[in-house]
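Trainee: If you read the sequence shown in this note's numbering, its first letter stands for residue 2, the second for the next number, and so on. This is the structure, below, for whatever I ask next.
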Amino acid sequence: MSPTSTLSISNPLLQELGSVARAKGVDVYVVGGYVRDALLKRERTDIDCTVVGDALAFAEAVASHFNTKAVLYERFRTALVPVGEYHLEFVGTRKEEYDGTSRKPTVTEGTLTDDLRRRDFTVNAMAASLTNGEMPGIIDLFGGLGDLAEGILRTPLDPAVTFSDDPLRMLRAARFAAQLGFSIQSDALQAMSSMSSRIAIISQERITAELLKILASPKPSIGLSILHECGLLHHFFPLLEQLSGVDLAHDKNRVYQHKDVFIHTLHVVDNVAAVCDNLWLRFAALMHDIAKPKTKRFSPGIGWSFHGHDEVGARMQKGIFQSLKLPMEHLPYVEMLVRLHHR
2 MSPTSTLSIS
12 NPLLQELGSV
22 ARAKGVDVYV
32 VGGYVRDALL
42 KRERTDIDCT
52 VVGDALAFAE
62 AVASHFNTKA
72 VLYERFRTAL
82 VPVGEYHLEF
92 VGTRKEEYDG
102 TSRKPTVTEG
112 TLTDDLRRRD
122 FTVNAMAASL
132 TNGEMPGIID
142 LFGGLGDLAE
152 GILRTPLDPA
162 VTFSDDPLRM
172 LRAARFAAQL
182 GFSIQSDALQ
192 AMSSMSSRIA
202 IISQERITAE
212 LLKILASPKP
222 SIGLSILHEC
232 GLLHHFFPLL
242 EQLSGVDLAH
252 DKNRVYQHKD
262 VFIHTLHVVD
272 NVAAVCDNLW
282 LRFAALMHDI
292 AKPKTKRFSP
302 GIGWSFHGHD
312 EVGARMQKGI
322 FQSLKLPMEH
332 LPYVEMLVRL
342 HHR
């Protein structure tokens with residue numbers, strides 16, 4: 002992809018949104034993931050908008066225009082307006098300050114520059130005005146266009162600051178790498194490794210949401226390998242981390258390209274992902290050898306084996322679902338596939 006200095010606002014919904022902004026005399030910008038994906042020619046139905054002024058009042062005006070209802074989050078001064086298949090999210094320009102013990106910031110009114118500098122990666126820190134017509138110039142304060150062209154994930158600020166403010170961004174780095182096929186800039190990777198323990202202040206629900214997005218990506222092994230190499234898996238999914246360094250037992254009926262159970266598991270997940278979008282089939286693939294560290298035994302005359310790891314792994318799934326706070330309705334399916342994966 003070649004960088005461009007303008008963005009074509011060809012989506013009729015956004016053109017109409019721009020008309021509402023002009024009629025109200027409000028400066029509104031489309032920001033973040035929508036700008037990134039529009040430049041990458043990727044479809045997107047979640048659209049983030051930054052409003053210079055009262056975002057809630059503008060959201061109400063938008064909802065009235067489209068004959069729908071705005072969902073207001075007064076505490077965070079944000080609003081969501083559903084319009085058909087689209088979800089428009091509005092937030093006022095703001096700056097954030099963190100106290101180091103929580104990812105929930107103190108939010109105060111700020112400028113567009115304040116709003117963009119608080120974002121996770123440069124490719125997500127670009128904006129385009131909806132008020133200025135159908136071919137607005139892209140506001141790129143941190144070199145996001147160049148990073149997008151080169152396929153690099155880099156933080157707008159020092160990565161230690163960006164990740165300390167919100168440690169979930171470390172998982173988002175792995176997720177975007179898997180989704181977009183981008184590489185993570187070396188300084189950011191080093192910060193992720195040195196700060197991996199900071200993930201402890203993030204709720205399990207948010208961590209698991211990012212894990213599932215990695216599993217849903219075209220090649221999950223990219224994101225999972227990053228989580229492993231940076232030490233993040235150790236903090237929120239140690240059972241998966243423990244597969245690393247466990248040798249596969251010799252099997253005269255199979256020829257393995259690798260001996261490590263973790264690497265083998267990632268290959269299986271990628272193979273499933275290449276032919277099927279079923280998220281819970283992918284999760285079952287991730288879990289199929291989860292009990293091998295527990296069941297590894299040496300028998301004289303036979304060698305190393307993992308006898309019963311399929312059944313033990315199936316029985317482990319309830320605890321794993323509970324610890325990761327996964328939806329329990331998918332538990333029987335995953336249990337069955339882990340139990341029967343040799344048949």
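Backbone N, C-alpha and C define an ideal beta-carbon position, used for all residues, glycine too.
Provide the residue span of the beta strand (DSSP E) that contains Asp141, from first to last.
Mentor: From DSSP, the beta strand (DSSP E) with Asp141 extends over 139 to 141.
Trainee: Looking only at its own chain, which residues have a Cβ that is under 6 Å from the Cβ of Met193, when we skip the five neighbours before and after it?
Mentor: Closer than 6 Å at the Cβ level, and outside the excluded window around Met193, lie Met171, Cys231.
Trainee: Round the Cβ separation of Leu280 and Leu216 to the nearest angstrom and send it over; I've been treating them as touching at under 8 Å.
Mentor: Going by Cβ atoms, the distance from Leu280 to Leu216 rounds to 6 Å, so yes, they are a contact pair.
Trainee: By how many angstroms is the C-alpha of Thr163 removed from the C-alpha of Thr114?
Mentor: Computed Cα separation, rounded: 15 Å.
Trainee: On a CA-only basis, which of Val313, Tyr334, Ala22 is nearest Val63? Give me that one, please.
Mentor: It is Ala22 whose Cα lies nearest to the Cα of Val63.
Trainee: Taking its Cβ as the centre, do 16 or more other Cβ atoms sit within 10 Å of Glu90, making it buried, or is it exposed?
Mentor: Buried is the call here.
Trainee: What residue does the beta strand (DSSP E) around Ile48 start on, and which one ends it?
Mentor: It spans 47 to 53 - the beta strand (DSSP E) in which Ile48 sits, taken as one unbroken run.
Trainee: Between the Cα of Thr266 and the Cα atoms of Val339, Gln323, Ala60, which residue gives the shortest distance?
Mentor: Among Val339, Gln323, Ala60, the Cα nearest to that of Thr266 is on Val339.
Trainee: Using 8 Å as the threshold, is the region 69 to 85 in touch with the region 24 to 36, meaning 3 or more CB pairs across them?
Mentor: Taking 8 Å as the limit for Cβ pairs, the verdict is that the region 24 to 36 does not touch the region 69 to 85.
Trainee: Quick one: grab the DSSP three-state call for Ile10.
Mentor: If DSSP states are grouped into helix, strand and coil, Ile10 belongs with coil.
Trainee: Kindly indicate if chain B contains any beta-carbon less than 8 Å away from that of Gln191.
Mentor: Absence of chain B from the displayed structure is noted, only one protein chain being present.
Trainee: Spatial neighbours of Leu117 within its chain, please: CB distance less than 8 Å, with the 5 preceding and 5 following residues excluded, ordered by chain position.
Mentor: For Leu117, where only same-chain residues beyond five positions count, the Cβ hits under 8 Å are Val32, Ala126, Met127, Ala128, Ile140, Leu142, Phe143, Pro157.
Trainee: Can you check whether the CB of Asp271 is closer than 8 Å to the CB of Asp222?
Mentor: Inspection of the sequence shows that residue 222 is occupied by Ser rather than by Asp. Cβ distance < 8 Å, so Ser222 and Asp271 count as in contact.
Trainee: Confirm, please, whether the CB-CB distance from Gly85 to Val52 is below 8 Å.
Mentor: Contact: no.
Trainee: Which residues bound the alpha helix (DSSP H) around Ser218?
Mentor: Run containing Ser218: none; DSSP gives neither H nor E here.
Trainee: Using only the alpha-carbon positions, how far apart do Thr69 and Pro83 sit?
Mentor: Cα to Cα, Thr69 sits roughly 7 Å from Pro83.
Trainee: On the CB-based measure, 16 or more other CB atoms within 10 Å of its CB, does Lys253 come out buried or exposed?
Mentor: A caution first: Lys253 carries a pLDDT of 46, below 50, which makes its placement in the model unreliable, though a value can still be read off. By the 10 Å Cβ count, Lys253 comes out exposed.
Trainee: Grab me the residues of Leu325's own chain with a C-beta within less than 6 Å of its C-beta, minus the 5 sequence neighbours each way, in chain order.
Mentor: Answer for Leu325: Thr209, listed in chain order.
Trainee: Can you tell me whether Cys1 is buried or exposed? The criterion is at least 16 other CB atoms within 10 Å of its CB, across all chains shown.
Mentor: The chain is shown only over 2 to 344; residue 1 falls outside these bounds and no answer can be derived.
Trainee: Identify every run of the alpha helix (DSSP H) within the region 130 to 183, keeping only runs that are complete inside it and at least 4 residues long; order them along the chain.
Mentor: Qualifying alpha helix (DSSP H) stretches, in chain order: 145 to 151, 160 to 166, 169 to 181.
Trainee: So for Val82, helix, strand or coil by DSSP?
Mentor: The answer is strand: DSSP assigns Val82 an E or B state.
Trainee: If we ignore side chains and look at the alpha-carbon of each, how far apart do Leu154 and Ser130 end up?
Mentor: Taking the straight line joining both Cα atoms gives about 24 Å.
Trainee: How far does the beta strand (DSSP E) with Glu90 in it extend, from its first residue to its last?
Mentor: Run containing Glu90: 87 to 93, per the beta strand (DSSP E) assignment.
Trainee: Below 8 Å on the Cβ atoms is my contact criterion, and I expect Phe263 with Leu244 to pass it. Report the Cβ-Cβ distance as a whole number of Å.
Mentor: Right, the Cβ-Cβ distance comes to about 4 Å (below 8 Å), so this counts as a contact.
Trainee: Can you grab the Cα-Cα spacing for the pair Asp311 / Ile321, in whole Å?
Mentor: Roughly 15 Å between the two C-alpha positions.
Trainee: Looking at the strands, I want to know which residues DSSP matches up with Ile185.
Mentor: Ile185 is bridged to Leu154.
Trainee: So what does DSSP say about Ala192, is it helix, strand or coil?
Mentor: Helix.
Trainee: Gly54 and Val27 - do their beta-carbons sit closer together than 8 Å?
Mentor: Yes; because the gap between Cβ atoms is below 8 Å, this pair is in contact.
Trainee: Identify every residue that forms a DSSP beta bridge with Asp290.
Mentor: Note: Asp290 sits in no beta bridge, so no partner.
Trainee: With a CB to CB cut of under 7 Å and the five nearest residues on each side skipped, what residues in its chain are close to Phe284?
Mentor: Leu216, Val335.
Trainee: Within a Cβ cutoff of 7 Å, which residues of the same chain sit near Arg120, ignoring the five residues on either side of it in sequence?
Mentor: Excluding residues within five positions, the ones whose Cβ falls inside 7 Å are Gly33, Ala126, Pro157.
Trainee: Does DSSP put Lys253 in a helix, a strand or coil?
Mentor: Annotation note: pLDDT 46 at Lys253 (below 50); position unreliable, coordinate value reported separately. Lys253 falls in the coil class under three-state DSSP.
Trainee: What would DSSP say about Val36, mapped onto helix, strand or coil?
Mentor: Residue state, collapsed to three classes: helix.
Trainee: Answer with buried or exposed for Asp188, where buried requires no fewer than 16 other C-beta atoms within 10 angstroms of its C-beta.
Mentor: Flag for Asp188 reads exposed.
Trainee: Kindly indicate which residue of Gln191, Leu181, Lys220, Ser165 has the alpha-carbon position closest to the one of Ser199.
Mentor: The sequence given here places Arg at residue 199; Ser does not occur at that position. Among Gln191, Leu181, Lys220, Ser165, the Cα nearest to that of Arg199 is on Ser165.
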